[in-house]
């Protein structure tokens, strides 16, 4: 192990996310009903239809990034609005309320321009659901880059999503957990920046894992050469 490798005083502890889905009993057959409930829906409802959708369907790149875009496109046959909703970048919002406002604004603007109020076929209404989330620690933790690389290669998809995507909703806002730890605990600012700069929508979670591991291995080679 290179002697120049920094070692963190506090390890990175990996967590995973478990989530239960609950029916709210609310549904919408058209955009008016959809946007009316969106305005008052709880944050777990917004999470369910945006972040949870994105995690479940991350392998469908570049399919719609939220339930609202999917339903609008396929059930209302409104491709124009579906594209606008799909273009809302879920992971760039630092709060679920900000994300909600973007969704509401997009739908209301569309309603103001399009005089046709389409209705979903019977049985294809939008059913609002809520997410009950649990974060639980797993056995992996890392003090340095070698340990971090090894752990990163072993953790499950749910853990990756929690530390990469959902981290955007927690302080410090706007960065993933990996980049934050690398920067503040190992002082690997350049490596942290490369990870933070990844285009999350252009990769599946497995591709993000492989890319990040590649970044780490490149940095380990630099440390080995510096020691030599």
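Residue numbers (this note's numbering): 552 to 779.
By construction, the Cβ of each residue, glycine as well, lies at the ideal position given by its N, Cα and C atoms.
Treat the numbers as computed from the prediction; the structure is a model and nothing was measured.
Under the three-state reduction of DSSP, residue 674 is assigned to coil, being neither helix nor strand. In this structure, residue 571 keeps its C-beta atom at 8 Å or more from the C-beta atom of residue 601. For residue 579, the uninterrupted beta strand (DSSP E) run begins and ends at 563 to 579, by DSSP. In the DSSP assignment, residue 641 falls outside any alpha helix (DSSP H) and carries neither an H nor an E. Collapsing the DSSP output to three states places residue 716 in coil. Under the 10 Å beta carbon count, residue 727 is surrounded by 16 or more other beta carbons and is classified as buried.
Residue 730 carries a helical assignment under DSSP once its states are collapsed to helix, strand and coil. Check the Cα spacing between residue 568 and each of 772, 683 and 643: the tightest is with 683.
Burial state of residue 573 is exposed, judged by a 10 Å Cβ sphere holding fewer than 16 other Cβ atoms. The straight-line gap separating the alpha-carbon atoms of residue 739 and residue 561 is approximately 15 Å. The DSSP-derived three-state label of residue 772 is helix. Looking at the DSSP output, residue 685 shares a beta bridge with 569. For residue 680, the secondary structure class from DSSP, reduced to helix, strand or coil, is strand. For residue 560, the three-state secondary structure derived from DSSP is coil. If the five residues before and after residue 714 are omitted, its C-beta is found closer than 8 Å to the C-beta atoms of 565, 566, 727, 728 and 729, all from its own chain and listed in chain order. Burial state of residue 776 is exposed, judged by a 10 Å Cβ sphere holding fewer than 16 other Cβ atoms.
Taking all protein chains in view, the Cβ of residue 647 is crowded by 16 or more other Cβ atoms within 10 Å, so the residue is classified as buried. In the structure shown, the three-state DSSP call for residue 692 is strand. Scanning 744, 652 and 710 for the CA closest to the CA of residue 593 turns up 652.
Excluding its 5 nearest sequence neighbours in each direction, residue 769 has no C-beta neighbour in its own chain below 8 Å.
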